[in-house]
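Enquirer:
Residue numbers (UniProt numbering): 1 to 546.
(1) What is the C-beta distance between residue 587 and residue 204, in whole angstroms, given that I count them as a contact (C-beta under 8 Å)?
(2) Within this structure, are the beta carbons of residue 447 and residue 482 separated by less than 8 Å?
(3) Taking DSSP as the reference, what is the three-state secondary structure of residue 462?
(4) DSSP beta-bridge partners for residue 51?
(5) Could you tell me the boundaries of the beta strand (DSSP E) in which residue 348 lies?
(6) Does the segment 103–110 come close enough to the segment 133–147 that 3 or more CB-CB pairs lie under 8 Å?
(7) When you compare only the Cα positions, how much space is there between residue 546 and residue 421?
(8) Buried or exposed for residue 174, please, with buried defined as at least 16 other CB atoms from any protein chain shown within 10 angstroms of its CB.
(9) In chain order, what residues of the same chain have a beta carbon less than 6 Å from the beta carbon of residue 169, not counting five sequence neighbours either side?
(10) So what does DSSP say about residue 514, is it helix, strand or coil?
(11) Among 385, 363, 384, 386, which residue has its Cα nearest to the Cα of residue 375?
(12) So, residue 259 versus residue 294, is the Cβ gap smaller than 8 Å?
(13) Please identify the residue among 46, 186, 286 whose C-alpha is closest to the C-alpha of residue 245.
(14) Taking all protein chains shown into account, do 16 or more other C-beta atoms lie within 10 angstroms of the C-beta of residue 142, making it buried, or fewer, making it exposed?
(15) Among 456, 503, 511, which one has its Cα closest to the Cα of residue 450?
(16) Going by DSSP in three states, residue 307 sits in which element: helix, strand or coil?
(17) Looking at C-alpha atoms only, which residue of 75, 48, 47, 80 is the closest neighbour of residue 63?
(18) Is residue 541 near residue 386, with beta carbons less than 8 Å apart?
(19) What first and last residue would you give for the beta strand (DSSP E) that runs through residue 267?
(20) Indicate the three-state DSSP secondary structure (helix, strand or coil) for residue 558 in the structure shown.
(21) On the DSSP bridge assignment, give the partners of residue 131 in chain order.
(22) Checking the sheet assignment: what are the DSSP bridge partners for residue 82?
(23) Which two residues bound the contiguous alpha helix (DSSP H) that contains residue 245?
(24) For the putative contact between residue 412 and residue 377, defined by C-beta atoms under 8 Å, what is the C-beta separation to the nearest angstrom?
(25) Measuring alpha carbon to alpha carbon, tell me which residue in 469, 323, 193 is nearest residue 352.
(26) Suppose the cutoff is 7 Å on Cβ atoms and the five residues either side in sequence are ignored; what does the same chain contact list for residue 355 look like?
(27) Taking the alpha-carbon positions, what's the residue 165 to residue 226 distance?
(28) Just to confirm the assignment, what range does the alpha helix (DSSP H) spanning residue 213 have?
(29) Could you tell me whether any Cβ in chain C is nearer than 8 Å to the Cβ of residue 157?
(30) Quick one: using the 10 Å Cβ neighbour count with 16 as the cut-off for buried, is residue 314 buried or exposed?
(31) Going by DSSP, what residues sit across from residue 72 in a beta bridge?
(32) Less than 8 Å separating the beta-carbons of residue 104 and residue 70?
(33) Just the C-alpha distance for residue 320 and residue 486, rounded to the nearest angstrom, thanks.
(34) Residue 297: buried (16+ other C-beta within 10 angstroms of its C-beta) or exposed?
(35) When you compare the CB positions of residue 257 and residue 289, do they come within less than 8 Å of one another, or not?
(36) Just how far apart, CA to CA, sit residue 414 and residue 370?
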């Protein structure tokens, strides 16, 4: 019976369908297919009677879908998977079991082109990874102590998310370029890339991307770098060969742009196995360069401030005076963490009558402000202590008043001690007086006896809190051969250790080194109590009565 005019048969409809239609027997041998199937399976020609496992790269796909279809009802969704054809194209393949008019059971497969969708999904995933990488870049910059460590952290983030390998350069104050970091994503090429690091800046030409950025040019995108272009960038053939091994098919160079100036550059490179850089990668790289540039500029400014503070500290750490009354030795060791510029100080000077004034203190804080305040407090205390032959408590009260008027908001711990020029008795003893404003207590090592802590039941409040606070004064007799030790908290305080434990360790160290010459005793204390890198500054003033 002929179909009515104007109607379309099911067979004709399937033949003209824009998707591929395959019909196979239950053993998964091809019975029929439509025209679109051949177009979708471009790399193979489906032949009636051939097994379906030959049509896809995943040879188990057809069987897997057929098995899944056997468990589905007529109203259930068809099982579906995305796979690749032999030409690499993405294909959506689904299957259902059905029966022909003659009663035979068959499996019908529908094939759709998923390439555009998969490409869009992959582009979305790439962008998502790149956006996440930008966030990681910001996190990586937190806590970096110098430019070199910051660039190493950034290189770990951009490779391999953004590029196969990266080289990063910094500009010095003269405008010279220094290649700081080269990192490759392939572990087998890591050693080779490290060798290139020192060579790049010396062999590249003025046409190279990094040189152009150093002259102030905008970001540079080179999707394809051919042999002629590479030769212009790197005239040295041996270095060119190395770059080919590392991969140099596509190049993207962006400046490290600070708020005030350009501080360096970042050159990203892809090899032949990776896609060439495009506008999306350019936008991401520019944003990374902006964040890194601002962070490096801030690090540079902080480094300058820290250097000034350290110089101020050093200028305050003067040599002790020569005096017939006593031998005086001093030590200062800065914190291992260079970012921690402290406010520790020590001082020793003579009053007009020859009396010795000793002080040690610590301004609250660890930055250039603390160091500057330390210098001012030390200077004020010197002026106060030298002008009149007053005692330690009076000096402390006057310093409190000066802080209120001249350095409001500054607080510090301190010990001020005085050894008078007058001898009190025939045994040559002298009356030591000192005042303590919340500082670790002095230690006295009597000649031939165990060390003693010169502590009070409750130390006075720290400096800068209560103006004209009624400071107390403590007295102790010193005889020739006795040793007095003033020190900052960095000598005894450790993470995970309480104050009493630290002071007990100091007591043992002093007992063990009591017979040493004074200079050697100071070295012994440092070697025993802070043998490695310490977290805080350490200051010591030691006096041995003659």
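C-beta: ideal position from N, C-alpha, C; glycine also.
Expert: Taking the coordinates as given:
(1) This structure cannot settle anything about residue 587, because the visible part of the chain is limited to 1 through 546.
(2) Taking 8 Å as the cut-off, the Cβ atoms of residue 447 and residue 482 count as close.
(3) coil
(4) 29
(5) 344–350
(6) no
(7) 12 Å
(8) exposed
(9) 177, 179, 210, 264, 265
(10) coil
(11) 363
(12) yes
(13) Between residue 245 and the set 46, 186, 286, the nearest pair of CA atoms involves 186.
(14) exposed
(15) 511
(16) helix
(17) 80
(18) The criterion of a C-beta distance shorter than 8 Å is not satisfied by residue 541 and residue 386.
(19) That run of the beta strand (DSSP E) goes 262–270.
(20) This structure cannot speak to residue 558, because the chain is shown only from 1 to 546.
(21) DSSP output for residue 131 lists no bridge partner at all.
(22) 92
(23) 237–246
(24) 6 Å
(25) 323
(26) For residue 355, where only same-chain residues beyond five positions count, the Cβ hits under 7 Å are 389, 418, 419, 420, 421.
(27) 18 Å
(28) 209–214
(29) The displayed structure is made up of one protein chain only, and chain C is not part of it.
(30) exposed
(31) DSSP, once it has assigned bridges, lists no residue as partnering residue 72.
(32) no
(33) 14 Å
(34) buried
(35) For residue 257 and residue 289, yes; Cβs fall inside 8 Å.
(36) Each residue's alpha carbon lies about 14 Å from the other.
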